[in-house]
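Mapping to this note's numbering: the sequence shown position 66 is 79, numbers consecutive. Each residue gets a CB set at the ideal place from its N, CA and C atoms; glycine is no exception. Computed from a prediction, not measured in an experiment: that's the story for all the values here.
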Amino acid sequence: MDWTRYPRRIAVTGGAGFIGSNLLLSLVPKYPEYLFINIDSLTYAGNLANLKAIETADNYYFEKVNICDFAALRDCFEKYGINAVIHLAAESHVDRSISGPAEFINTNIVGTFNLLELARESGKTGPFRFHHVSTDEVYGSLGETGYFTEESSFRPNSPYSASKASADHLVRAYHKTYGLDVVTTNCSNNYGPLQFPEKLIPLMLRNAVAGLPLPVYGDGMNVRDWLYVADHCQALDLVFHSGIAGKTYAIGGHNEITNLELVKLLCRTLDDLLGGGPRENLIRFVQDRPGHDRRYAIDASRIQKELGWRPEHSFEQGIRETVQWYLDHADWLESCISGEYLQYYARNYHHRTAGST
Ligand code: NAD
Ligand code: TYD
Numbered sequence: 014m015d016w017t018r019y020p021r022r023i024a025v026t027g028g029a030g031f032i033g034s035n036l037l038l039s040l041v042p043k044y045p046e047y048l049f050i051n052i053d054s055l056t057y058a059g060n061l062a063n064l065k066a067i068e069t070a071d072n073y074y075f076e077k078v079n080i081c082d083f084a085a086l087r088d089c090f091e092k093y094g095i096n097a098v099i100h101l102a103a104e105s106h107v108d109r110s111i112s113g114p115a116e117f118i119n120t121n122i123v124g125t126f127n128l129l130e131l132a133r134e135s136g137k138t139g140p141f142r143f144h145h146v147s148t149d150e151v152y153g154s155l156g157e158t159g160y161f162t163e164e165s166s167f168r169p170n171s172p173y174s175a176s177k178a179s180a181d182h183l184v185r186a187y188h189k190t191y192g193l194d195v196v197t198t199n200c201s202n203n204y205g206p207l208q209f210p211e212k213l214i215p216l217m218l219r220n221a222v223a224g225l226p227l228p229v230y231g232d233g234m235n236v237r238d239w240l241y242v243a244d245h246c247q248a249l250d251l252v253f254h255s256g257i258a259g260k261t262y263a264i265g266g267h268n269e270i271t272n273l274e275l276v277k278l279l280c281r282t283l284d285d286l287l288g289g290g291p292r293e294n295l296i297r298f299v300q301d302r303p304g305h306d307r308r309y310a311i312d313a314s315r316i317q318k319e320l321g322w323r324p325e326h327s328f329e330q331g332i333r334e335t336v337q338w339y340l341d342h343a344d345w346l347e348s349c350i351s352g353e354y355l356q357y358y359a360r361n362y363h364h365r366t367a368g369s370t
């Protein structure tokens, strides 16, 4: 097959995960002139069923490849003549990084290194853009006030955020040392359809519908800045196309809310839509996460001023649509709950001490 009729042959790593699948669902139909190769090893978090709507598109291919396997990755780059990467593949759950950090080091650091090496090699024969998708968690924790910006110091507090920070540094070094055309985005917490139900919002929705306890860590006063996943994908599209090489872009929703308030909002939304409740009575304060970051908040002025990005979804609208999506896709939620997930849950949650509100 002659792939060169596609001017851009983009490897999207982690395309079967939450953000990756939302991104591919929007980019594949939007850019028929590009070829998209979804490179994903299908861990517990990867789900090809997410991509049903595009699986037969002419400009979309899936390759089951682990980014830690350099030889397999190189075959894939050669097969399609890859000339751009949007890198999302990662171990992404903080709690898992605490109970088992090794996979985070392998995938998030060594996997990123492998991709950078192949980008460097491929970049010798033509233009090559490397977009690294990262998190605001690399900056550590904020106090009551202030915001993270692109200039904030790195102070990661979990094995997850430390492994992402390491990858961010490698990406920067490949630009400075080898002149690789890189852009990095550091985004706040995403929410929306297709998020694996170990993360706060889908976990709480699943439990609340089933009448199970809602485990809020610590005092529930930790603050996150939530962004609807479609708005993140829109930002990734803009930065991939128009971001300045070597720059980083902080992305956030200006939607700060404590975990406790958010869980209560989810409960009230479910009570409205389904009747019954009040589901707030299911809230249980449980043992805190070690090293739990208190507050994240992003100042997204750079991407707003330089690239004209603004989130399109209000928090109220995004949350309502999200709750409705999980109610309409109860089968999808249950399909995620594999034996592996249940074993992990049993290993790590049995020790949490339950108290009530
Ligand atoms: P996710 O856990 O839902 O998906 C990760 C995907 O990567 C899965 O499909 C998995 O199979 C794949 N994967 C994991 N290890 C792999 C390996 N070794 N080789 C190939 N594929 C592998 O994650 P997500 O929430 O979609 O996050 C995607 C990216 O965005 C991550 O890099 C994460 O750090 C970053 N990010 C996430 C958020 C968020 O709120 N979810 C916020 C900011 C940044
Ligand atoms: P999470 O979705 O794991 O994202 P992150 O740790 O990357 O921010 O958690 C979001 C917040 O919710 C975080 O402060 C931890 C908290 N949390 C709970 O209180 N209970 C839970 O069961 C989970 C999964 C998270």
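- In this structure, Leu-207 lies away from Asn-51, with their beta-carbon atoms at least 8 Å apart.
- By the C-beta criterion, the segment 127-139 is judged not to be in contact with the segment 106-117, since fewer than 3 inter-stretch pairs fall below 8 Å.
- In terms of CA proximity to Ser-165, Val-151 leads the group Gly-156, Thr-158, Val-151.
- Not one heavy atom of ligand 2 sits closer than 7 Å to the Cβ of Asn-170.
- Here Arg-142 is not near Leu-346, since their CB atoms are 8 Å or more apart.
- For the pair of segments examined, the segment 162-178 was found not to touch the segment 222-229: the number of CB pairs separated by less than 8 Å stays below three.
- Residue state for Leu-275 is assigned as helix, using DSSP reduced to three classes.
- Look at Asn-119 here: in three-state DSSP terms it is helix.
- Shown here, Asp-284 sits in a helix according to DSSP, grouped into three states.
- C-alpha of Asp-15 to C-alpha of Arg-22: approximately 12 Å in a straight line.
- Three or more beta-carbon pairs separated by less than 8 Å link the segment 326-340 to the segment 235-253, which places the two stretches in contact.
- The DSSP assignment places 73-76, 97-100 as complete runs of the beta strand (DSSP E) inside the segment 63-133, in order along the chain (cut-off: 3 residues).
- The segment 265-274 and the segment 176-196 do not touch, with fewer than 3 CB-CB distances between them shorter than 8 Å.
- Burial is judged here by how many other beta carbons sit within 10 angstroms of a residue's own beta carbon; Pro-324 has at least 16 and is buried.
- Excluding its 5 nearest sequence neighbours in each direction, Ile-214 has C-beta neighbours in its own chain below 6 Å: Tyr-204, listed in chain order.
- In this structure, His-245 sits away from Ile-99, with a CB-CB distance that is not shorter than 8 Å.
- In terms of CA proximity to Ala-66, Leu-37 leads the group Ser-174, Leu-37, Asp-53, Pro-291.
- Distances from the CB of Cys-89 to the heavy atoms of ligand 1 are all 7 Å or more.
- Trp-338 and Asp-284 have their C-alpha atoms roughly 15 Å apart.
- Separation of Glu-293 and Met-217 (C-alpha to C-alpha, rounded to the nearest whole angstrom) is 11 Å.
- Taking the Cβ atoms as the reference, Glu-104 lies roughly 5 Å from Phe-117, within the contact range of under 8 Å.
- Residue pairing for Ile-52: DSSP places it in a beta bridge opposite Thr-26, Glu-76.
- Within the same chain, Cβ atoms closer than 7 Å to the Cβ of Gly-259 are found at His-188, Val-195, the five residues on either side in sequence being excluded.
- Within the DSSP secondary-structure output, His-144 pairs in a beta bridge with Ile-99, Val-196.
- At the C-beta level, Cys-200 and Thr-148 come within 8 Å of one another.
- Nearest C-alpha to Phe-126 among Met-234, Asn-79, Arg-281, Phe-298: Asn-79.
- One Cα belongs to Leu-320, the other to Ala-248, and the distance between them is close to 9 Å.
- The C-beta separation of Val-41 from Ala-70 comes to about 5 Å, placing the pair in contact by the 8 Å criterion.
- Between ligand 1 and the CB of Asn-72, the shortest heavy atom gap is not smaller than 7 Å.
- Short of 7 Å from the beta carbon of Asp-250, and not among the five residues preceding or following it, lie these beta carbons of its own chain, in chain order: Leu-40.
- Counting along the chain, Phe-328 sits inside the alpha helix (DSSP H) bounded by residues 328-341.
- Within the DSSP bridge table, the entry for Leu-295 names no partner.
- Shown here, Asn-35 sits in a helix according to DSSP, grouped into three states.
- If you draw a 10 Å sphere on the C-beta of Leu-86, you find 16 or more other C-beta atoms in it, and that means buried.
- For Leu-227, the uninterrupted beta strand (DSSP E) run begins and ends at 227-230, by DSSP.
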